[in-house]
Structure formats: structure tokens, C-alpha cells
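Please read the structure below before turning to the comments.
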Amino acid sequence: MERLQKILANAGIASRRKCEELIAAGHVTVNDKVVTELGAKADPNVDVIAVKGRPIKRENKLYILFNKPKGVITTMTDPKGRSTVHDYLKKDIKERVYPVGRLDYDTEGLLLLTNDGDLAHMLTHPKHHVPKTYHATVERVPHGNDLEKLKRGIKLEDGMTAPAEAEYHDVDPDGKYATISLTIREGRNRQVRRMFEAIHHPVIRLKRISFAGLTLGGLQRGKHRKLTPAEVQKLRDAANGIETAVEPDSEPEH
1 MERLQKILAN
11 AGIASRRKCE
21 ELIAAGHVTV
31 NDKVVTELGA
41 KADPNVDVIA
51 VKGRPIKREN
61 KLYILFNKPK
71 GVITTMTDPK
81 GRSTVHDYLK
91 KDIKERVYPV
101 GRLDYDTEGL
111 LLLTNDGDLA
121 HMLTHPKHHV
131 PKTYHATVER
141 VPHGNDLEKL
151 KRGIKLEDGM
161 TAPAEAEYHD
171 VDPDGKYATI
181 SLTIREGRNR
191 QVRRMFEAIH
201 HPVIRLKRIS
211 FAGLTLGGLQ
221 RGKHRKLTPA
231 EVQKLRDAAN
241 GIETAVEPDS
251 EPEH
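Just so you know, full-length UniProt numbering puts 37 at position 37 of the sequence shown, and the rest follows in order with no gaps.
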């Protein structure tokens, strides 16, 4: 027996939080009976579970790495008609997958998508401290003292940030900009941009280059690929606080 919201998330219906909202709203039935209790459990191999009258089916777990371009919304639909992640996946990916966390409209780079609700929840929960690395190109060149502030933690309006890893990646000889490699283990809204604003070096360009140890490799902007089993295991290890390396002979699926 499993919690109903977990079953729905694992079936690719939506994120676990959204599934809880569907249950609370009375849109979920188990054996033709409406269930609104979030603690309710069911057996997906025995019980008939439906959402808005449509029985769910267990979907194969799918794990996607996507190189998100700037100007793309990290959602599957957008009421304003803007370009979304789904627009880039729909020709090749028939299963319903959902972004693991978000990248801002103006942020590009590595985005994971999956229908594995459990893993997505673990990867995004603050208590698991999963590392995410960005290349932030900022106005002017921050002093070393500014990088030390980032490393110690920055006071934002929603509290102190956790210690980060920060180092110079590229510096303009004329001092007009610098690209800083920043690794954080949180996922607050616009956190990287706000951290640099706090040290008075606004972000010009922001790209996520790594998530839980996975990188873009040679994946072109706007392209996606399936993760290898070794890479999926690397994500699971990262969510459990275990550092692992993907074997060099593990070839990604295209």
C-alpha cells in the first residue's frame, strides 16, 4: 500500500504537491469512491485509481536532460502562449514528464525532467543539499571579499543563504564583467540573481552547467537526451548524500 499522492506522482499525473491538490479538490477516486484524505493509501496493482474519471496507468520511468535556451518557460503549458519546455520535447517524448525544479525565463542551461515523482521530490527538497552549479556573468569584476561573502552566505529578504562555492571562471581584462562559477545547495526563487544583486554585481547572463554532478557535455542548446542508468543512479546517490561518478564507458542515449 502506498500513499495516493505518491502513486499519482509516480504515474506521471503531476508533481506530488499538485497531486495533493487534486486529491483535496475531490478529483481522485479509488474503486469509484471519491478520496479527499491526503493520508489515504491504495494498491496501484489492485485498486482502480482515476483522476477526473480517467483511470491512471503506471508509466515507465523516464529521465530527460534538456539544455534550456533563454526565453523558454519552465512549464509544460503557458496561458500567455510563450515558448515552453514542452514545445521542445513533444515531438520525441510521448510520456508526461515534469521539470525538476525551475530555471527562470532568462536563465539557460541544464534542466532535468522526469515522471519519477519520488526522485524529483528528493532532488529539490532543501534537506538533501543537492548541488547545482551556475556560470553567472555579472557587471564589473567582484572583489575577492565579495566572493568570500557568497561562500559564507548572503543575507536576503527571506533569510541567510547556505554557504556556497564561488570562484572566478572568466574575467574581462577591461574589468567590465566577470563570469563566476557558483555552486549552491538550495533552490530559492531567483536565488543566484539575488545573491549577486546583494553584493552589487547584477547578473547579465546566467547558465546552469551542472545538477547533482550531471553536466551538459556537448548537448546543444534546445536539445535533449535520455539519461543513462548510471546517470539516474548518480542522481539517486546525490539525493541521498552519496558522491559518485558516472563510469566513463557509459554512453548517453540520444
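Where a beta carbon is used, it is the ideal one built from N, C-alpha and C, also for glycine.
Under the assumption that residue i contacts residue j (Cβ atoms under 8 Å), give the Cβ distance between them as a whole number of angstroms.
i	j	result
S210	L65	S210 to L65, Cβ: 11 Å. No contact.
R208	Y134	5 Å
L4	A40	5 Å
M122	A239	4 Å
A198	I154	5 Å
G187	T124	6 Å
Whose C-alpha, out of the options, is nearest the C-alpha of residue i?
i	options	result
T183	P55, N145, M195, V232	M195
V138	R205, D237, G213	R205
G71	S181, L103, N115	L103
D116	P163, V35, Y98	Y98
N189	A25, K127, A178, T107	T107
H201	D172, L219, A178	A178
H169	Y105, R152, L147	L147
Y63	K226, D174, D237	K226
Please state if the CB of residue j and the CB of residue i are separated by a distance shorter than 8 Å.
i	j	result
H27	K6	no
A212	V130	yes
A166	L150	yes
K68	V85	yes
Along the chain, where does the alpha helix (DSSP H) that runs through residue i open and close?
i	result
G109	Counting along the chain, G109 falls outside any alpha helix (DSSP H), though it belongs to the beta strand (DSSP E) covering 107-114.
I23	16-24
V85	85-89
N10	4-10
Need the endpoints of the beta strand (DSSP E) that residue i sits in, please.
i	result
V30	28-30
H128	Note, H128: premise wrong, no beta strand (DSSP E); not H, not E.
R208	203-211
Q | Start-end ranges of the beta strand (DSSP E) lying completely within the segment 127-191, minimum 3 residues | A | Whole beta strand (DSSP E) segments, 3+ residues: 132-139, 165-171, 177-184.
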